[in-house]
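Q:
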Amino acid sequence: MTEQQQDRETKVAIVTGANAGVGYGIIQRLLEQEEDIQIVMACRNGGRASRARLSLLQQFPSANINIELVDLANAQSVFRFCDNIKSRYTSINYLFCNAGILSTLGLNWKELVWLFFQDPAGFFERSDATIQATGEINEDGMGKVFAANVFGHYVMLRELEGLLDASGDARVIWTSSLTAEKSAFDIDDWQGLKSTFPYESSKWACDLISIKSNDRYSSENHHIISFTTSPGVVASAIIDLPMVLAKLRVGLQYVYRFLGVSSQTITGYAGAISNVYVALQPLKALNYLYRYTSLADRWGTPYVEATTVSDYDPMTAEKLLQHCELAYQAQKRLVSSSKK
Ligand SMILES: NC(=O)c1ccc[n+]([C@@H]2O[C@H](COP(=O)([O-])OP(=O)(O)OC[C@H]3O[C@@H](n4cnc5c(N)ncnc54)[C@H](OP(=O)(O)O)[C@@H]3O)[C@@H](O)[C@H]2O)c1
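If you read the sequence shown in my numbering, its first letter stands for residue -16, the second for the next number, and so on.
(1) From what residue to what residue does the alpha helix (DSSP H) around TYR137 run?
(2) Would you mind listing the alpha helix (DSSP H) stretches within the stretch 192 to 253 that are 4+ residues and don't spill past its ends, in chain order?
(3) The beta strand (DSSP E) spanning ARG71 covers which residue range?
(4) Whose C-beta lies closer than 6 angstroms to the C-beta of ARG199 among residues of the same chain, with five residues either side of it excluded?
(5) So for ARG27, helix, strand or coil by DSSP?
(6) Is the closest heavy atom of ligand 1 to the C-beta of ILE84 under 7 angstroms?
(7) Between the alpha carbons of GLU17 and VAL287, how many angstroms are there, rounded?
(8) Going by C-alpha distance, which of ASN197, LEU14, ASP296, LEU231 is nearest ILE170?
(9) Return the chain-ordered list of same chain residues with a C-beta closer than 6 angstroms to the C-beta of ALA116, the five sequence neighbours on each side being excluded.
(10) Can SER213 and SER166 be called in contact, C-beta distance under 8 angstroms?
(11) Once the 5 residues before and after LEU14 are set aside, which same chain residues still bring their CB inside 6 angstroms of it?
(12) Taking only three categories from DSSP, how would you classify VAL261?
(13) With PRO285 as the anchor, note down where its beta strand (DSSP E) starts and where it stops.
(14) Can you find the residues in the same chain that come closer than 8 angstroms, C-beta to C-beta, to GLY29, ignoring five residues on each side of it along the sequence?
(15) Considering only residues of the same chain and omitting the five flanking positions on each side of VAL23, which have a CB-CB separation below 6 angstroms?
(16) Am I right that TYR273 and VAL292 are in contact with their C-beta atoms under 8 angstroms? What's the rounded C-beta distance?
(17) THR299 by DSSP, collapsed to three states: which one?
(18) Given this structure, state the Cα-to-Cα distance separating GLN41 from LEU176, to the nearest angstrom.
(19) VAL238 and GLU108 look like a contact to me (Cβ under 8 angstroms); what is the Cβ gap, rounded to whole Å?
(20) Can you tell me whether THR(-1) sits near ligand 1, meaning its C-beta is under 7 angstroms from at least one heavy atom of the ligand?
(21) Buried or exposed, going by whether 16 or more other CB atoms sit within 10 Å of the CB of ALA1?
(22) Compare the C-alpha of ALA104 against each of THR162, TYR7, CYS80, ARG12 and name the closest.
(23) In terms of alpha-carbon separation, which member of ASP54, ALA25, ILE84 lies closest to TYR182?
(24) Measuring alpha carbon to alpha carbon, tell me which of ALA32, THR(-1), VAL5 ends up nearest ALA220.
(25) Compute the Euclidean distance between the alpha carbons of ASP152 and LEU231, then round it to the nearest angstrom.
(26) Contact check, LEU146 vs SER202 under 8 angstroms by CB: the rounded distance?
(27) Since CYS189 sits in a beta bridge, which residues does DSSP pair it with?
(28) Buried or exposed: which applies to GLY206, given that a residue is buried once 16 or more other Cβ atoms fall within 10 Å of its Cβ?
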């Protein structure tokens, strides 16, 4: 079988942030449910990615898993990644825009205690008790959290649009969050540089881009559809806690879940259920205006709930897409001129 034939018959899934947490869970679920699928782990650290790949191969010995390095917070790295993908694959079925960071300076203990007693569910669901770094920029001069969580993925999906189209029914799946809220986002500060909650701002931006992109895909006759999801609350390393606090947090999460707080999915595998649900369900069973959220019952059995993205504002979404497109075109020109 030639490489070209193999590509046409085998589905291809790119998962960003694939070496841990929700991304790792997405791959486990895909490999469980899809017999013939090629996985591309899009990761920034070769060592961590290789260890995760080996661990996946222990669970799925015949799986087809490749690693492609990319730093989503660096536009040039994303362009290089996309060039590699274009040289190796002829189509892509799933692009999981999952990698993400929450840049913290520490914990706000006063807020933490207040939340614990006033809003026990919110205590875990929200990151209000963390002190987020404000005004951080990356080497491209862009908001650091926005670049990693949103813009790097935007460049990826624009650059890979041709390959996504070629699959005939491609799905772009953004891992958003329960904490994505309109109130956290200001279009005049679309990169969240002035925000004290740049993470929440970036996650609302994911929702806006996911939903609004569908208008363009539809008007330009692309064979692509975009969905937004939330993994619930996963005990991942995204919040950098000291070991003792991390363990205490997981213990409490199990207690909360047993008491009926369904947002506590806790494991990356459970948290990934909504991502893989929107990837594999027939299109007629899905609605791109919804956010698909992973939840779990008190015994830990995960399930998916679809809710409308309340407060979705198409005008703001359009403006955000325009900002991203202009920034994408500017980065593309830089790449082209550096190649000459
Ligand atoms: N955990 C939760 O409760 C929760 C709730 C709502 C939404 N989410 C979202 O779920 C997604 C996955 O998070 P997680 O909880 O699974 O956290 P995680 O375990 O920390 O995984 C994050 C992944 O993103 C990768 N990553 C971060 N910055 C990157 C960059 N610049 N370039 C390439 N990869 C990068 C990380 O790579 P390294 O390992 O190299 O750092 C890691 O593989 C994120 O988008 C997050 O916002 C999580």
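Built from N, CA and C at the ideal position, the CB exists for glycine as well. No experiment lies behind these values; they were computed from the predicted model shown.
A: With the given structure in hand:
(1) 135 to 142
(2) For the stretch 192 to 253, whole alpha helix (DSSP H) runs of length 4 or above, ordered along the chain, are 226 to 241.
(3) Taken as a continuous stretch (DSSP letters only), ARG71 belongs to no beta strand (DSSP E), being part of the alpha helix (DSSP H) at 58 to 71.
(4) none
(5) ARG27 carries a coil assignment under DSSP once its states are collapsed to helix, strand and coil.
(6) yes
(7) Take the alpha-carbon of GLU17 and the one of VAL287: they are about 19 angstroms apart.
(8) ASP296
(9) SER86, LEU88
(10) Against a cut-off of 8 angstroms, the Cβ pair of SER166 and SER213 comes out as no contact.
(11) Here the set comprises PHE43, ALA46.
(12) VAL261: helix per DSSP, three-state reduction.
(13) Per DSSP, PRO285 belongs to the beta strand (DSSP E) from 285 to 291.
(14) ILE50, LEU52, listed in sequence order.
(15) Closer than 6 angstroms at the Cβ level, and outside the excluded window around VAL23, lie ILE(-3), ASN49, GLU51.
(16) 7 angstroms
(17) Correct three-state label for THR299: helix.
(18) 42 angstroms
(19) Actually they do not touch by this definition, with Cβ atoms about 15 angstroms apart.
(20) yes
(21) buried
(22) Shortest Cα-Cα distance from ALA104 to any of THR162, TYR7, CYS80, ARG12 involves THR162.
(23) Ranking ASP54, ALA25, ILE84 by Cα distance to TYR182 puts ILE84 first.
(24) VAL5
(25) Each residue's CA atom was taken as its position, placing ASP152 and LEU231 some 43 angstroms apart.
(26) Going by Cβ atoms, the distance from LEU146 to SER202 rounds to 20 angstroms, so no, they are not a contact pair.
(27) Looking at the DSSP assignment, CYS189 forms no beta bridge with any residue, so it has no partner.
(28) Position check: residue 206 holds His in this sequence, whereas Gly was assumed. Exposed.
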